[in-house]
Every structure is written in C-alpha cells, then in structure tokens.
Ligand SMILES: NC(=O)N[C@@H](O)C(=O)O
Ligand SMILES: [Mn+2]
C-alpha cells in the first residue's frame, strides 16, 4: 500500500487491531516480510551459524509428529545444532492428541494458541488455555488432547538427575506468576518452574517496554531456546544484529554474545529456555 508520503510500506496492524487480538496472536499470525519481499525468490530472514540461529515463520517446515494424532510439528532446535534439548511447535488439529516423550525425558508445553486438556493417570484432567503451561517430569504418564485446535511450543530434554532430587508435575499460567527481582536490569522477569535444584532448566518470561534493553551484553555457559511472543526489536547474537518480531525463534549456543533491545509501539515479551542447576563439567 502507498502511504501519503509516497513510501511503499506493508499495511501494518493498527493500534486498535492490535488491542482486539488475543494475547500472542502474532505468533501464529506473524507479519511476514513486506509484500514486495514476500514473493521475492529465496528471501528469508532465517540464519543458521555455528553458535546461533534465527528461525523465522516463513521458514517453518511442518510434518506429522510421529505417534501424535492429527498434529503437525516443526522442530526449531535439536541436538543436531549442538543443543541438549529440542524445541518444536506442535500444531494440534481437531481431535488430536499427544504421545509420550522418550524414556527419562522431561517435557514443558506452553500454549500459544487455542486450548488442550492435560490428563494424567492420578488426578483429574486440567484445561490449558493460551498463556498456560505444564511441566511433565521424566516418565510421567500423561496425554494432551485437543478438541478444536491448538498451537503449543514444546521443550523436551533428557532429565539430568542430581542426587536424590526429583521433579513433579507443574501446571500454571504466566499471568499468575510473580515478578522477580532483576538487579541491574529493567526488564520484568517471571520464571515458570521452581528454582529448586531438582529442575535442570527453567523457562523465563521476559517483558521489555519499547526502548528498554538488556544491560548486560551476556556471555554465559547456558544455552537458550527463545520464542518472541509479542513485540519487535533488535537481537544481537555474536557480531550480527537482527531485526526480530513476534513469531521468531532463536537458538543461542553456550557463550554466544547476546543482547536485546525492544522497539516499536508495544511491549516485547519473550519465552526463554535456560539450563540451570547443573555443573557444566
Ligand atoms: N538472552 C537473554 O535474555 N538471557 C538472559 O535472560 C538470561 O537469563 O540468560
Ligand atoms: Mn542469556
């Protein structure tokens, strides 16, 4: 569309549109590249390097998730990249259901769109709607069932035992988690899992207002799988600076220099996998 100043620009979602959409709507309805780039042969914002990757929605490749029913999966991060976890989108269609992860493997599911019902052997079933999540310990029998449709982001990892500690079923929603202290930083932080030693990873939910950015240009032994849930900004990874927006996924290998600045009219919120509580040796 032509704006009155003559610049060619993609029709943007207006402020009011933004407000009427459900939370995280843009993850499953991303603003793809401006129309004049969308059909440009071979154009993508995706990048894969030794210590980081940016996977943008136009690059997703879905295929039936083996052993799940009526579900398409797009693997975003796997050990083939050097990670010790997998991160994938599970697009559940009507009357779909999950399968168990491999033996000794823990699972975290976060509902980005729609709703699923979590059933496990002992307790009654729990409905998970958008912004809700569940942590399933290794070898914990459960089923995720969907009547209409749902999009989940799923993390799975072979559980790394520590002494006699054990993890337990966790069900919650982001909006009910308290904000944690972030000394020296301005972003708002929630953690979806307990910080106790039994848990070998956590999921951070981080909120930045436009113009806010990470104070520390981090380099650390932990690895990350990131999903930008809302907003847009610039992610620095190593020597590269990437414009990013809701729907983008980032793999960060250990020690990759990392930094984020939020831009635009709306807050940025991202979901971040981070391994914790285990000796890197
Ligand atoms: N990249 C990034 O946000 N990292 C931090 O949140 C962290 O806790 O490692
Ligand atoms: Mn980090």
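In this note's numbering, the protein residues as written are 84 to 364.
Glycine included, each C-beta is placed from N, C-alpha and C at the ideal position.
Query: Same chain, Cβ closer than 6 Å to residue 239, five either side skipped, listed in chain order; Result: 169, 184, 188 and 190
Query: Burial state of residue 354 (16 or more Cβ within 10 Å); Result: buried
Query: Within 8 Å, strictly: CB atoms of residue 276 and residue 286; Result: yes
Query: Coarse secondary structure for residue 111, derived from DSSP in three states; Result: helix
Query: Three-way DSSP call (helix, strand, coil) for residue 140 in this model; Result: helix
Query: Short Cβ contact (8 Å threshold) for residue 167 with residue 320; Result: no
Query: Length of the line joining the Cα atoms of residue 324 and residue 137; Result: 11 Å
Query: For residue 237: DSSP bridge partner residues; Result: 171 and 192
Query: Where residue 343 falls, given that 16 or more other Cβ within 10 Å makes a residue buried; Result: buried
Query: Meets three-Cβ-pair contact criterion under 8 Å: the segment 330-341 and the segment 149-162; Result: yes
Query: Per-residue DSSP class, three states only, for residue 326; Result: strand
Query: Residues whose Cβ lies closer than 6 Å to any heavy atom of ligand 2, in chain order; Result: 301, 303, 307 and 341
Query: Within 8 Å, strictly: CB atoms of residue 255 and residue 216; Result: yes
Query: Closest residue to residue 220 among 269, 200, 195 and 186 (Cα-Cα distance); Result: 186
Query: Where residue 163 sits in the DSSP three-state scheme; Result: helix
Query: According to DSSP, residues forming a beta bridge with residue 210; Result: 200
Query: Proximity to residue 330 [Cα-Cα], best of 148, 247, 171 and 109; Result: 109
Query: Host beta strand (DSSP E) of residue 271 (start-end); Result: 271-274
Query: Residue(s) in a DSSP beta bridge with residue 353; Result: 289 and 311
Query: Cβ distance (whole Å) where residue 182 is taken to contact residue 202 below 8 Å; Result: Not a contact, Cβ separation roughly 13 Å.
Query: Under 8 Å between C-beta atoms of residue 351 and residue 316; Result: yes
Query: Start and end residues, beta strand (DSSP E) containing residue 370; Result: Residue 370 lies beyond the stretch modelled for the chain, which goes from 84 to 364, so this question has no answer here.
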